Amino acid sequence: MVETELQRALTVDKYPRSAKYDQRWVVDNLMGPHPLWSVEALMQVMSLKPGMRILDLGCGTALSSIFLAHEYDVEVYAADLWVKPTENWERIQAAGLGGRVHPIHANARDLPFAAGFFDAVVSIGAYHYFGTDAAYLAHCSGFVKPGGSIGIVVPGLDLEPGATLPSYLADRWVPELGTFFGPTWWRHHWERPGLVTVQVADMVPGGWEDWLRWLEACNLVGRGYEPDETMLRADGGRLLGLTRVVAQVR
Ligand SMILES: C[S@@+](CC[C@H](N)C(=O)[O-])C[C@H]1O[C@@H](n2cnc3c(N)ncnc32)[C@H](O)[C@@H]1O
Numbered sequence: 001m002v003e004t005e006l007q008r009a010l011t012v013d014k015y016p017r018s019a020k021y022d023q024r025w026v027v028d029n030l031m032g033p034h035p036l037w038s039v040e041a042l043m044q045v046m047s048l049k050p051g052m053r054i055l056d057l058g059c060g061t062a063l064s065s066i067f068l069a070h071e072y073d074v075e076v077y078a079a080d081l082w083v084k085p086t087e088n089w090e091r092i093q094a095a096g097l098g099g100r101v102h103p104i105h106a107n108a109r110d111l112p113f114a115a116g117f118f119d120a121v122v123s124i125g126a127y128h129y130f131g132t133d134a135a136y137l138a139h140c141s142g143f144v145k146p147g148g149s150i151g152i153v154v155p156g157l158d159l160e161p162g163a164t165l166p167s168y169l170a171d172r173w174v175p176e177l178g179t180f181f182g183p184t185w186w187r188h189h190w191e192r193p194g195l196v197t198v199q200v201a202d203m204v205p206g207g208w209e210d211w212l213r214w215l216e217a218c219n220l221v222g223r224g225y226e227p228d229e230t231m232l233r234a235d236g237g238r239l240l241g242l243t244r245v246v247a248q249v250r
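Counted the way full-length UniProt numbering counts, the sequence shown spans residues 1 to 250.
Following this line, the structure appears as structure tokens:
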């Protein structure tokens with residue numbers, strides 16, 4: 001049975017909270033690497049307290065928002081540009097979280113919230129779409145109260161500026177890869193404006209293997225993505241993986 005195989009392939013000791021969820025539900029709503037694993041990896045280095053108000057920025061199909069509300073007992077504004085709030089509302093209600101997860105259509109570059117409204121911003125697999133320009137952090141951090149935090153997990157290439165690309169990357173280069181940055185780049189990018197203190201900037205330990213395992217499992221139901229799988233295999237964890245950054249707003 002493919003469902004059983006999928007559940008087995010995506011149940012890992014490393015991510016015990018995610019293991020409780022129906023992995024078919026996760027795969028059916030995928031938009032990138034396993035979003036619940038990414039949240040768990042982020043929460044290893046970022047702490048949320050029950051009752052906090054969180055912005056899940058670029059939430060996609062809102063699985064991370066549902067997971068955050070369920071697992072960490074927080075209130076979540078699930079904001080996304082491409083996925084319609086009505087679609088996310090159905091998933092949120094089906095998860096029994098209608099009172100605590102609020103779907104919003106929003107452009108991260110023009111957020112419709114009050115200054116200092118959130119205790120924290122969490123962003124999974126999305127921040128690199130809008131957050132690589134030097135001015136962006138000032139916009140985003142303005143919605144977080146002083147002392148609050150911002151945490152992201154994004155696909156990352158831990159490559160020194162100007163370094164020559166290995167052929168398995170050069171041959172498959174697409175512009176989107178130009179937004180994959182490593183911990184050193186993100187630390188510098190976030191520290192430069194003087195608005196936040198970066199507490200953690202690293203690659204998720206074993207993140208590349210998690211990503212590969214996820215893609216292999218997705219293949220079981222025809223939802224894999226061969227270009228990423230090939231790159232991850234060729235790279236073997238040298239440069240490519242998931243970058244994790246957490247900062248406190250001053
Ligand atoms: C690869 S998907 C990841 C979605 C989800 N967080 C996940 O991990 O499955 C990237 C998401 O970023 C969102 N996004 C891209 N640009 C955005 C913007 N300017 N404002 C808000 N969301 C944006 C897209 O709508 C999309 O859902």
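Ideal Cβ positions, reconstructed from N, Cα and C, are used throughout, including at glycine.
Please read all numbers here as calculations on a predicted model, not as lab measurements.
- A check of alpha carbon separations from Gly142 across Glu75, Leu48, Arg109 and Tyr129 identifies Arg109 as the nearest.
- Comparing alpha carbon positions, the residue from His34, Ala94 and His128 closest to Glu209 is His34.
- Val198 and Gly222 have their C-alpha atoms spaced approximately 39 Å apart.
- As a beta-bridge residue in DSSP terms, Tyr77 pairs with Leu55 and His102.
- Here the segment 4–23 makes contact with the segment 35–48; the two share three or more CB pairs at distances below 8 Å.
- Relative to ligand 1, Tyr225 has its C-beta separated by 7 Å or more from all heavy atoms.
- Counting other Cβ atoms within 10 Å of its Cβ, Thr61 reaches 16 or more and is therefore classed as buried.
- A distance of 8 Å or more separates the beta carbons of Leu57 and Val144.
- No Cβ-Cβ contact shorter than 8 Å links Trp214 with Gly241.
- The three-state secondary structure of Pro175, taken from DSSP, is helix.
- In the structure shown, Ser64 falls within a helical segment according to DSSP collapsed to helix, strand and coil.
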